[in-house]
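Numbering (the working numbering), first residue to last: 37 to 248.
Ideal Cβ placement from N, Cα and C applies to all residues, glycine included.
Note that the coordinates shown come from a computational prediction; the quantities given were computed from them, not determined experimentally.
A short worksheet on the structure shown next.
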Amino acid sequence: NDATLLDAYLGEIDAVVVSGGGDVDPAIFGEPLGPKTRVGPPERDAFEIALVRAARERRLPALCICRGMQIANVAFGGSLIQDLPEHFGAHYPIDHQQLGRDGIERSDYAAGHTVYVDPNSALARLVGSISFASNSMHHQAVSRVAEDLRAVAWTSDGVIEALEARFSHPFFYCVQWHPEEFVGPQRRSDAIAERLFRGLNAAAAERRAVKK
Numbered sequence: 037n038d039a040t041l042l043d044a045y046l047g048e049i050d051a052v053v054v055s056g057g058g059d060v061d062p063a064i065f066g067e068p069l070g071p072k073t074r075v076g077p078p079e080r081d082a083f084e085i086a087l088v089r090a091a092r093e094r095r096l097p098a099l100c101i102c103r104g105m106q107i108a109n110v111a112f113g114g115s116l117i118q119d120l121p122e123h124f125g126a127h128y129p130i131d132h133q134q135l136g137r138d139g140i141e142r143s144d145y146a147a148g149h150t151v152y153v154d155p156n157s158a159l160a161r162l163v164g165s166i167s168f169a170s171n172s173m174h175h176q177a178v179s180r181v182a183e184d185l186r187a188v189a190w191t192s193d194g195v196i197e198a199l200e201a202r203f204s205h206p207f208f209y210c211v212q213w214h215p216e217e218f219v220g221p222q223r224r225s226d227a228i229a230e231r232l233f234r235g236l237n238a239a240a241a242e243r244r245a246v247k248k
């Protein structure tokens, strides 16, 4: 909650990745705590909300992943579905948590469903595809999209899988899946994830070059 400290950190970095994690406190978007919602430290919510707002103001390249996408939506005035199984009821078409037979979340983060991307979106141009298989490890999702963001990808059940900025920005994307699980040593290769991170790296490099 120290604005001076946050400002100092932001002055030293070239990009932001807001990662996955626990549930966002629904009080932030004006709803009571749901029976399946498990909130984490309020300090994390406050810090990450300040971080994504600062990324917009400073035009700092940002990739918001899973909870990070939900935080970005809430930070700009949107709301969340607190529990997808409860939301869909008996007709829960896609298991967005990718639970194993024992009811425990799988740890391999393998692709579990198809994501469909708006062909006219900046995201489609970035990743070079309008549909692809991806992983899924979440029980919450974007409900009301913030006015400053645009929904640009969905699963077949209508759950929002990606957001991009309506405001002018060099690189501001939010994805509900986990692209970081598809890149790096000893991980399965995935062109979509690689293009996301190459785009982030290129935007960060351009910012760094301007700062010199």
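Query, Result
"Give me the Cα-Cα distance between Ala-126 and Asp-193, rounded to the nearest whole angstrom.", "13 Å"
"Give the range of the alpha helix (DSSP H) segment to which Glu-242 is assigned.", "227 to 247"
"What ranges does the alpha helix (DSSP H) occupy inside the segment 99 to 186, keeping only unbroken runs of at least 4 residues that lie completely in it?", "103 to 111, 120 to 124, 158 to 163"
"When you compare the CB positions of Val-153 and Ala-189, do they come within less than 8 Å of one another, or not?", "yes"
"Cβ-heavy atom distance between Cys-102 and the ligand FAD below 7 Å?", "The ligand content of the structure shown is nil, which means the ligand FAD is not present either."
"Where does Phe-207 sit, in a helix, a strand or coil, going by DSSP?", "coil"
"Report the three-state DSSP secondary structure of Ala-51 (helix, strand or coil).", "coil"
"Starting from Gly-91, follow the beta strand (DSSP E) in both directions and report where the run begins and ends.", "Here the sequence assigns Ala to residue 91, which means Gly is not the residue at that position. From DSSP, Ala-91 is part of no beta strand (DSSP E) but of the alpha helix (DSSP H) over 78 to 93."
"Which residue's Cα is closest to the Cα of Ile-101: Ala-227, Pro-215, Val-178?", "Pro-215"
"To the nearest angstrom, report how far apart Ala-98 and Ser-204 are at their CA atoms.", "13 Å"
"Measuring only the C-alpha atoms, how far is Arg-180 from Leu-199?", "12 Å"
"Pick out whichever of His-149, Arg-103, Pro-155, Gln-118 has its Cα sitting closest to the Cα of Gln-250.", "With the chain covering 37 to 248 only, the question about residue 250 has no answer from this structure."
"Could you check the C-alpha separation between Val-178 and Lys-248 for me, to the nearest Å?", "38 Å"
"Which term fits Ala-227, buried or exposed, when burial requires 16 or more other beta carbons within 10 angstroms of its beta carbon?", "exposed"
"Quick one: using the 10 Å Cβ neighbour count with 16 as the cut-off for buried, is Asp-59 buried or exposed?", "buried"
"From which residue to which residue does the beta strand (DSSP E) around Ala-198 run?", "196 to 201"
"Please state the DSSP three-state secondary structure of Asp-59.", "strand"
"Return the CA-CA distance between Phe-233 and Ser-115, expressed in angstroms with no decimal places.", "27 Å"
"Do Glu-84 and Ile-117 have their C-beta atoms closer together than 8 Å?", "no"
"Which residue's Cα is closest to the Cα of Ala-90: Asp-43, Asp-131, Pro-71, His-132?", "Asp-43"
"If you follow the alpha helix (DSSP H) that Thr-40 is in, where does it begin and where does it stop?", "39 to 46"
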